[in-house]
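See structure below.
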Amino acid sequence: MCRLLFLLIRFMMPFSDFIKQHNMSELNHILQHNQSFVDSGAYEHFLTNKYPERKLAILSCMDTRMVELLPAALGLRNGDVKLIKNAGAVVTHPWGSVMRSLLVAVLELRVEEIMVIAHYDCGMRGLNAQAFLAKAEEQGVPEDRITTLRHAGIDLDNWLTGFDSVEDSVRHTVSLIRKHPLMPANIAVHGLVIHPVTGKLTVVVHGDESCAI
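Per our numbering, residue 20 is the first one in the sequence shown, and the count goes up by one each step.
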């Protein structure tokens with residue numbers, strides 16, 4: 020009966036409204052947990068300050084498999100590092116928000132070492148702009164809006180294209196960070212790839228050495 024009611028509600032309301040309702044239920048669940056978390060004093064276990072104990076910043080992928088695996092595989096605890104995440108663990112522009120975050124970590128928050136940690140089986144490998152935009156249209160983004168963006172000079176094809184080799188992507192990102200005009204020369208920038216199942220690390224660029232491995 021409940022299943023039937025669910026289906027009736029699902030197909031009687033617009034899809035966007037259904038999605039909003041679903042997301043709101045998840046929000047309510049999180050807020051309920053949050054209230055219990057605060058009331059119980061569970062936050063005390065996580066007390067630290069804004070300066071990373073190990074003077075380390077990590078740029079990693081937003082992949083769900085990395086949420087707990089990466090810190091555990093590296094032996095990291097709360098307060099140890101500045102952790103920055105995006106799709107693919109990449110710096111795509113020297114003046115974008117990721118690069119700015121890394122510079123803030125170094126120049127304001129006492130970071131002395133940076134690690135770029137991508138992973139095998141990454142969704143950004145082989146990302147295709149045409150297929151991506153087709154999905155956007157399927158979810159209601161008007162085709163004329165995409166056309167307008169192109170006419171405005173926005174290179175969507177380049178912006179929405181991933182990488183072929185995760186190792187080459189790591190090398191490229193490490194190079195952008197190292198060569199940034201505002202990055203101090205004494206900051207070691209390492210590049211690694213982590214296995215998304217075992218957590219095993221492979222060094223691609225050793226920041227303490229002058230050449231890539």
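Idealized CB from N, CA, C, for every residue including glycine.
Since the model is a prediction, treat every value here as computed from it, not as a measurement.
Buried or exposed for residue i, going by 16 or more other Cβ atoms inside 10 Å?
| i | result |
| --- | --- |
| H209 | buried |
| G107 | buried |
| F56 | exposed |
| K69 | exposed |
| H138 | buried |
| F65 | exposed |
| K101 | buried |
| D140 | exposed |
| V109 | buried |
| V135 | buried |
| I49 | exposed |
| T192 | buried |
| A61 | exposed |
| A204 | exposed |
| L27 | With a pLDDT of only 40 at L27, under 50, the local geometry of the prediction cannot be trusted, and the value read off the model is given with reservation. L27 should be labelled exposed. |
| V125 | buried |
| R195 | One point to set straight first is that residue 195 is Leu, not Arg, in the sequence displayed. By the neighbour-count rule (16 or more Cβ atoms within 10 Å), L195 is buried. |
| L89 | buried |
| S188 | buried |
| L75 | buried |
| F25 | Its pLDDT being 47, under 50, F25 is placed unreliably in this model, and the value from its coordinates should be taken loosely. Exposed, since its Cβ has fewer than 16 Cβ neighbours within 10 Å. |
| V216 | exposed |
| M20 | With a pLDDT of 47 at M20, under the threshold of 50, the predicted position of this residue should be treated as unreliable, and no value is reported. |
| V185 | buried |
| L201 | exposed |
Could you check where the alpha helix (DSSP H) with residue i kicks off and where it finishes?
| i | result |
| --- | --- |
| T166 | 162 to 170 |
| M202 | Taken as a continuous stretch (DSSP letters only), M202 belongs to no alpha helix (DSSP H), as it is neither H nor E. |
| V216 | Segment: none, V216 is in no alpha helix (DSSP H) and carries neither H nor E. |
| E87 | 85 to 93 |
Closer than 7 Å by C-beta to residue i: which residues in its own chain qualify, once you throw out the five before and the five after it? Chain order, please.
| i | result |
| --- | --- |
| A197 | At residue 197 the sequence reads Arg, which differs from the Ala that was named. Within the same chain, R197 has close Cβ partners V208. |
| L146 | L179, T180, G181 |
If you drop the 5 nearest sequence neighbours on each side, which residues of the same chain put their C-beta closer than 8 Å to that of residue i?
| i | result |
| --- | --- |
| S165 | The amino acid at residue 165 is misidentified as Ser; the sequence shows Ile. Counting only Cβ-Cβ distances below 8 Å, and skipping sequence neighbours, we find L152, A155, E156, L175. |
| N105 | L78, C80, M81, V117 |
Ignore the nearest five residues each way along the sequence and tell me which others in residue i's own chain have a CB closer than 6 Å to its CB.
| i | result |
| --- | --- |
| G98 | T67, E72 |
| T221 | V212 |
| S44 | none |
| G218 | L88, A92 |
Between which two residues does the beta strand (DSSP E) containing residue i stretch?
| i | result |
| --- | --- |
| E131 | Segment: none, E131 is in no beta strand (DSSP E) and carries neither H nor E. |
| S116 | Where S116 is concerned, there is no enclosing beta strand (DSSP E), although the alpha helix (DSSP H) it sits in stretches over 116 to 126. |
| L220 | 220 to 224 |
Using DSSP bridges, identify the partner residues of residue i.
| i | result |
| --- | --- |
| N147 | DSSP, once it has assigned bridges, lists no residue as partnering N147. |
| F182 | R144 |
| H209 | M134 |
| S79 | K104, I136 |
With 8 Å set as the bound, which would you pick, yes or no: does the beta-carbon of residue i sit closer than that to a beta-carbon of chain B?
| i | result |
| --- | --- |
| V57 | Of the protein chains in this structure there is only one, and it is not chain B. |
> Counting pairs of Cβ atoms below 8 Å between the stretch 87 to 105 and the stretch 169 to 176, do you hit three or more?
Replying inline: With the cut-off at 8 Å, the stretch 87 to 105 and the stretch 169 to 176 do not touch.
>> Three or more C-beta pairs under 8 Å: does that hold for the stretch 80 to 92 against the stretch 114 to 131?
In response: Flag = no, the stretch 80 to 92 and the stretch 114 to 131 do not touch.
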